[in-house]
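K.L.:
Provided herewith is a single structure, encoded as structure tokens, for subsequent inquiry.
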């Protein structure tokens, strides 16, 4: 608040610690590819510095700060990092040296799951030909939780015959079966 009487410390004294919010990703989000970490900030003076660390504070990168909109952003190419959980540290400092820190947990996951299709039930070798209903079973594995398995069946000419996306029943995630 500006002092209209110019009594006391005056208008040029920074009394407030800046505040910072992360608006682009929720804590614990799974991300991949190139992402933009973004957020907003507030301070009683406009000139601030926002820095971001992905290695527990050993190194920091400078975020882009829009002083008018009071918005910050930082681009990360997650493909240059190992798939893992990252404790992202974001700091904001004003010209008076007042600093705060926010942390958010992000999971970098750029490797697709491994899918194992087990032999359909009732399979006998040969004839490699199936008539009637065929059940397909398998397993899916990933370092992080598997959210969905989609099964599609095609004939030899490439026409899709069936998909689990049309089913109202869940087929499972780590171990799955269709139909």
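Numbering (this note's numbering), first residue to last: 2 to 180. All residues carry an ideal CB built from backbone N, CA and C; glycine is no exception. From a predicted model like this one, the values you see are computed outputs, not experimental measurements.
1) I'd like the list of long-range same chain contacts for residue 117, defined as Cβ closer than 6 Å, with 5 residues on each side in sequence excluded.
2) If residue 93 sits next to residue 21, beta carbons under 8 Å apart, how far is it from one beta carbon to the other, in whole angstroms?
3) Select from 70, 34, 31, 48 the residue whose C-alpha is nearest the C-alpha of residue 40.
4) Please check the pair residue 110 and residue 33, which I expect to be a contact at CB under 8 Å, by giving their CB distance rounded to whole angstroms.
5) Would you mind reading off the limits of the beta strand (DSSP E) that contains residue 139?
6) Name the residue from 152, 76, 165, 55 whose alpha carbon lies nearest to the alpha carbon of residue 36.
7) By the 10 Å Cβ neighbour count, where 16 or more other Cβ atoms means buried, how is residue 95 classified, buried or exposed?
8) For residue 49, collect the residues of the same chain with a Cβ closer than 7 Å to its Cβ; drop the 5 residues on either side in sequence, then sort them by chain order.
9) Comparing alpha-carbon positions, which option in 64, 73, 74, 179 lies nearest residue 135?
10) I need the DSSP call for residue 74, collapsed to helix, strand or coil.
11) Which of the three DSSP states is assigned to residue 86 in this structure?
12) Which residues in the same chain have their Cβ closer than 7 Å to the Cβ of residue 58, if we skip the five residues on either side of it in sequence?
13) Whole angstroms are fine: how far does the CA of residue 17 sit from the CA of residue 99?
P.N.:
With the structure as the only source:
1) As a position in the chain shown, residue 117 is number 116, starting the count at 1. 139, 140, listed in sequence order.
2) Here residue 93 is taken as the residue at index 92 of the chain shown, counted from 1. Here residue 21 is taken as the residue at index 20 of the chain shown, counted from 1. Right, their Cβ atoms sit about 5 Å apart.
3) Locating residue 40 in the chain shown gives position 39, where the first residue counts as 1. Taking only the C-alpha atoms, the option nearest residue 40 is 70.
4) In the chain shown, the residue the question calls residue 110 occupies position 109. In the chain shown, the residue the question calls residue 33 occupies position 32. Rounded to the nearest angstrom, the Cβ distance from residue 110 to residue 33 is 5 Å, consistent with a contact under 8 Å.
5) Residue 139 sits at position 138 when you count from the first residue of the chain shown. 137-142 is the extent of the beta strand (DSSP E) around residue 139.
6) By 1-based counting over the chain shown, the position of residue 36 is 35. Ranking the options by Cα distance to residue 36, first place goes to 76.
7) Taking the first residue of the chain shown as position 1, residue 95 is located at position 94. So residue 95 ends up on the buried side.
8) Position 48 of the chain shown, counting from 1, holds the residue named residue 49. If we look at residue 49 and ignore the five residues flanking it on each side, its Cβ neighbours are 19, 42, 66, 93, 94, 95.
9) The sequence position of residue 135 within the chain shown is 134, counting from 1. Checked all of 64, 73, 74, 179; the closest Cα to residue 135 is 179.
10) Translated into positions along the chain shown, residue 74 becomes position 73. Strand, per DSSP.
11) The sequence position of residue 86 within the chain shown is 85, counting from 1. Look at residue 86 here: in three-state DSSP terms it is strand.
12) Counting from 1 along the chain shown, the entry for residue 58 is found at position 57. Cβ-Cβ distances below 7 Å link residue 58 to 90 in the same chain, with the five nearest sequence neighbours on each side left out; the list follows chain order.
13) Against the chain shown, residue 99 aligns to sequence position 98. Against the chain shown, residue 17 aligns to sequence position 16. Computed Cα separation, rounded: 8 Å.
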